[in-house]
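**Q** In our numbering, the protein residues as written are 796 to 958.
Starting off with a structure, shown below.
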Ligand code: FES
């Protein structure tokens with residue numbers, strides 16, 4: 796039976812909060828570390844963090860929801876961020892997106908199990924568009940051929956590839 800007193804629901808989140816001294820001002824670092832270890836920030840993690848930091852669940856949930864980079868549910872094994880802002884569009888990001896959708900058998904911003912293609916708006920690499928980011932690594936002048944090499948390097952499985 797789950798009771799209101801059972802507040803340590805996510806052991807990873809509890810340990811991470813402890814590492815940061817249960818300090819509310821470290822909330823973003825706590826989120827970052829929980830996501831790095833668990834892959835996303837679960838409802839259980841939100842409740843555990845709220846209790847550890849002595850804040851309301853609504854407050855913790857609100858912060859987690861505000862930042863686009865924090866995932867609230869299990870995501871794809873790999874996320875390829877493709878810039879769609881003006882400079883990258885002028886250099887062919889729309890075509891790259893079409894090619895990427897065919898390559899990985901998914902649509903931009905659709906939920907995916909293996910590879911998610913995510914639209915992003917400026918990665919600070921405007922002079923070298925189209926820009927792509929995978930696992931915090933930034934690539935410029937990406938075309939279909941280069942995207943294939945990047946995918947291979949990061950272990951992003953292409954449509955029809957063997958597991
Ligand atoms: S517009 Fe794409 S990186 Fe800036």
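Built from N, CA and C at the ideal position, the CB exists for glycine as well.
All figures in this text were calculated on a predicted structure; none of them were measured in a lab.
What are the uninterrupted segments assigned as alpha helix (DSSP H) that are 4 or more residues long and contained completely in the stretch 822-847, given in chain order?
**A** 822-833
**Q** Checking 7 Å against the spacing of the C-beta atoms, do residue 928 and residue 876 come in under that value?
**A** Walking along the chain shown from the start, residue 928 turns up at place 133. Walking along the chain shown from the start, residue 876 turns up at place 81. Yes, they are a contact pair.
**Q** Taking only three categories from DSSP, how would you classify residue 878?
**A** For the purposes of this step, residue 878 is taken as residue 83 along the chain shown, with counting starting at 1. In the structure shown, residue 878 sits in a strand (DSSP, three-state: E or B).
**Q** So does the stretch 836-845 actually touch the stretch 875-890, counting three or more Cβ pairs closer than 8 Å?
**A** no
**Q** Kindly list the residues whose CB is nearer than 7 Å to the CB of residue 808, restricted to its own chain and excluding five residues on each side of it in sequence; keep chain order.
**A** The residue given as residue 808 occupies position 13 in the chain shown. The residues are 829, 840, 843, 844.
**Q** So does residue 942 have its beta carbon nearer than 6 Å to some heavy atom of the ligand FES?
**A** Translated into positions along the chain shown, residue 942 becomes position 147. No, Cβ of residue 942 sits at least 6 Å from all heavy atoms of the ligand FES.
**Q** For the beta strand (DSSP E) that contains residue 929, what are its first and last residues?
**A** Here the question's residue 929 lines up with position 134 in the chain shown. That run of the beta strand (DSSP E) goes 927-929.
**Q** DSSP three-state label for residue 910, please.
**A** Mapped onto the chain shown, residue 910 falls at position 115. If DSSP states are grouped into helix, strand and coil, residue 910 belongs with the strands.
**Q** Please return the same chain residues whose Cβ sits closer than 6 Å to the Cβ of residue 911, not counting the five positions on each side in sequence.
**A** Along the chain shown, read from residue 1 onward, the residue named residue 911 stands at position 116. Correct list, in chain order: 871, 874.
**Q** By alpha-carbon positions, which one of 823, 869, 931 ends up nearest to residue 859?
**A** Position 64 of the chain shown, counted from the start, is the residue given in the question as residue 859. Among 823, 869, 931, the Cα nearest to that of residue 859 belongs to 823.
**Q** With H, G and I counted as helix, E and B as strand and the rest as coil, what does DSSP make of residue 903?
**A** Counted from its first residue, the chain shown places residue 903 at position 108. The answer is coil: DSSP assigns residue 903 none of H, G, I, E or B.
**Q** Could you give the distance in angstroms between the alpha-carbon of residue 749 and the alpha-carbon of residue 905?
**A** In the structure displayed, the chain extends from 796 to 958; residue 749 sits before or after that span and is not available.
**Q** Can you tell me where the beta strand (DSSP E) with residue 932 in it begins and where it stops?
**A** Within the chain shown, the letter at position 137 stands for residue 932. Per DSSP, residue 932 belongs to the beta strand (DSSP E) from 932-934.
**Q** For residue 831, tell me which candidate among 867, 817, 820 has the shortest Cα-Cα distance.
**A** Locating residue 831 in the chain shown gives position 36, counting from the first residue. Answer by Cα proximity: 867.
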